[in-house]
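As structure tokens, the structure follows; a few thoughts come after it.
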Amino acid sequence: MIIKKIYSFIKNETVLSIAAILAVISSFFVKPDIDYLGYIDFRTLALLFCLMAVMAGLQKTGVFNVLAQCLLKRVHGIKGLTFILVMLCFFFSMLITNDVALITFVPFTFTVLNIVDKSVKDKLIIPVVVMQTIAANLGSMLTPIGNPQNLYLQGISGLGVGEFIALMLPYAAISFVMLSIWIFIRRDKGGIKISFTENVHIGDKKRIIVYLVAFIVCLLTVARVLDYKLTLLIVIALISAADYKIFAKVDYTLLLTFIAFFVFIGNMGRIPVFEEYLKSVIDGRECITGVLSSQLISNVPAALLLSGFTDKFKELIIGVNLGGLGTLIASMASLISFKLLGRENKSLRGKYLIYFTVSNIFFLAVLLAAYYVF
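Following this note's numbering, the numbering of the sequence shown begins with 242 at its first residue and continues without gaps.
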């Protein structure tokens, strides 16, 4: 029974399990001491916790689905429908993270496709969900709050919010153009009218105001206007007053994964031979190393691991963000779409993987080419 539970936990939380094992192994080489506390980036952890709680609260109010319904009611063609469903993920991921964007808009996409002709649904479901996933991963790379690795790397690199956005803007702009071209060269013709049998309503407008205030506080902390300790207290107080149950929706396994990787990286940095070797491998190859590492362990762990052995953070930021494209595990957000599609129709998973892989490799190749041209 216990073995089954352990196996189930490792299967469901593979990244956390690997990070914990690495941290434990590294502790045999560097015995635990007071310096371990210095490994941990408490600012990143606090901001991640606050942002996850705020986004969970906003999502619960239904505000994102209301906005999506308002936009889709104005749609009169299949291309317009595809454009809105994909771009919702692209632009919202910049503010609500790629994970939340996909958790919100992929199920919403299934709802929309279930009320149009079956032939339209069968034709669109795989390409649209694949492009929503790519759009969420590419849109989220523009801002420090778009995904966890950006929040962490922006903090340790010392880049201002404007500097970070300026760094990633060319790649986000190219991504938008590529997504738009993909949508408009598809042979999707014909009119369509979306009418919802049941309109989604915002639950409690007062709570939305509270969550938005908390979100602004988080943004001020990302911009280094407020201290993260004050922000943590404010956000906890605001969300406790609005709906304390929201704290149960925070992804604590992600926070634990960060802590485990901090311990592992910190310990490896205190082993001279290992540190020098990794530095020699990464030095001058930060971008491509970030891309390749992400394909194997996903871009968040790759960012955490590689950041401890280089000071060329701009190249690393670009690498791990572009590295979110490629394999299904290159970005953990991509697994969300795959699981949601499987729940909707298990028989589509094989075709989805093929379409996903080919599309991701194409987008990654173009953006990598742009990096080397720039």
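Don't be surprised by glycine CBs; every beta carbon is placed ideally from N, CA and C.
Less than 7 Å between C-beta atoms, sequence neighbours within five positions excluded: which residues of the same chain meet that for G510?
Residue numbering aside, residue 510 sits at position 269 when the sequence shown is read from its first letter. So the list reads E516 and G549, once near-sequence residues are dropped.
Pair within 8 Å by beta-carbon distance, T374 and L326:
In the sequence shown, counting from the first residue as 1, residue 374 sits at position 133. In the sequence shown, counting from the first residue as 1, residue 326 sits at position 85. No, these two residues do not count as a Cβ contact at 8 Å.
Mind checking which residues open and close the alpha helix (DSSP H) that includes S381?
Against the sequence shown, residue 381 aligns to sequence position 140. Bounds of any alpha helix (DSSP H) do not take in S381, whose DSSP letter is neither H nor E.
My assumption, with CB atoms under 8 Å, is that I367 sits in contact with K592. Please give the rounded CB distance.
In the sequence shown, residue 367 corresponds to position 126, counting from 1. In the sequence shown, residue 592 corresponds to position 351, counting from 1. The Cβ separation is near 6 Å, so the contact holds.
State the DSSP-derived secondary structure class of F615, mapped to helix, strand or coil.
As a first step, residue 615 is located in the sequence shown; it is residue number 374 there, counting from the start. In the three-state reduction of the DSSP assignment, F615 falls in the coil class, being assigned neither a helical nor a strand state.
With 16 as the cutoff for other CB atoms within 10 Å, does S572 come out buried or exposed?
Taking the sequence shown and counting its residues from 1, one reaches residue 572 at position 331. The C-beta of S572 has 16 or more other C-beta atoms within 10 Å across all chains shown, which makes the residue buried.
Beta-carbon proximity list for I631, same chain, < 8 Å, skipping 5 on both sides
The structure shown has nothing for residue 631, since the chain only spans 242 to 615.
Would R315 be called buried (16 or more neighbouring beta carbons within 10 Å of its own) or exposed?
Along the sequence shown, one-based indexing puts residue 315 at 74. With fewer than 16 Cβ atoms within 10 Å of its Cβ, R315 is classed as exposed.
Between L379, F290 and D276, which lies nearest to T491 when the distance is taken from Cα to Cα?
For this step, residue 491 is matched to residue 250 along the sequence shown. Note on identity: in this sequence residue 491 is Val, with Thr being the wrong assignment. Scanning L379, F290 and D276 for the CA closest to the CA of V491 turns up F290.
Contact between the segment 451-467 and the segment 387-402: three or more CB pairs below 8 Å?
In short, these stretches touch, since the Cβ pair count reaches three.
Using 8 Å as the cut-off, can you tell me whether the segment 524-537 makes contact with the segment 498-505, which would need three or more C-beta pairs spanning the two stretches below that distance?
Result no; under three Cβ-Cβ pairs closer than 8 Å.
Which term fits A297, buried or exposed, when burial requires 16 or more other beta carbons within 10 angstroms of its beta carbon?
Numbered from 1 along the sequence shown, position 56 holds the residue referred to as residue 297. Label assigned to A297: buried.
Just to check my reading of the structure: T498 and A260 have Cβ atoms closer than 8 Å, yes? What is that Cβ distance to the nearest angstrom?
Counting from 1 along the sequence shown, the entry for residue 498 is found at position 257. Counting from 1 along the sequence shown, the entry for residue 260 is found at position 19. About 5 Å separates the beta carbons of T498 and A260, which is inside the 8 Å limit, making them a contact pair.
Can you tell me where the alpha helix (DSSP H) holding N355 begins and where it ends?
Numbered from its first residue, the sequence shown carries residue 355 at position 114. For N355, no alpha helix (DSSP H) run applies, since DSSP gives it neither H nor E.
Using only alpha-carbon positions, find the residue among S416, I281 and K252 that is nearest to A190.
Nothing can be reported for residue 190, as the shown portion of the chain is limited to 242 through 615.
Could you compute how far the alpha carbon of C459 sits from the alpha carbon of N388?
As a working mapping, residue 459 is identified with position 218 in the sequence shown. As a working mapping, residue 388 is identified with position 147 in the sequence shown. If I take the Cα positions, the gap works out to 14 Å.
Leaving aside the five residues before and after P385 along the sequence, list all residues of the same chain whose C-beta is less than 7 Å from its C-beta, in chain order.
Sequence index remark: in the sequence shown, residue 385 carries index 144 (1-based). Taken in chain order, the residues that qualify are N391, L392, Q395, V402, F405 and V463.
Answer yes or no: do Y213 and V295 have a C-beta to C-beta separation smaller than 8 Å?
Residue 213 lies beyond the range of the chain shown here (242 to 615); nothing can be said about it.
Enumerated in chain order, which unbroken segments of the alpha helix (DSSP H) with a length of 4 residues or greater are wholly contained in the segment 544-574?
Here the runs fully enclosed are 554-563.
Given a threshold of 16 other Cβ atoms within 10 Å of its Cβ, counted over all protein chains shown, does G507 qualify as buried or as exposed?
As a first step, residue 507 is located in the sequence shown; it is residue number 266 there, counting from the start. Under this definition G507 is a buried residue.
Measure the alpha-carbon distance for T338 versus M242 and round it to whole angstroms.
Position 97 of the sequence shown holds residue 338. Position 1 of the sequence shown holds residue 242. So the alpha carbons of these two residues sit roughly 37 Å apart.
Thinking N355 and K362 are a contact (beta carbons under 8 Å), I'd like their distance in whole angstroms, please.
By one-based count along the sequence shown, residue 355 stands at place 114. By one-based count along the sequence shown, residue 362 stands at place 121. Yes, they are in contact, since the Cβ atoms of N355 and K362 sit about 7 Å apart, within 8 Å.
Return helix, strand or coil for D484, following the three-state DSSP convention.
In the sequence shown, residue 484 corresponds to position 243, counting from 1. If DSSP states are grouped into helix, strand and coil, D484 belongs with the helices.
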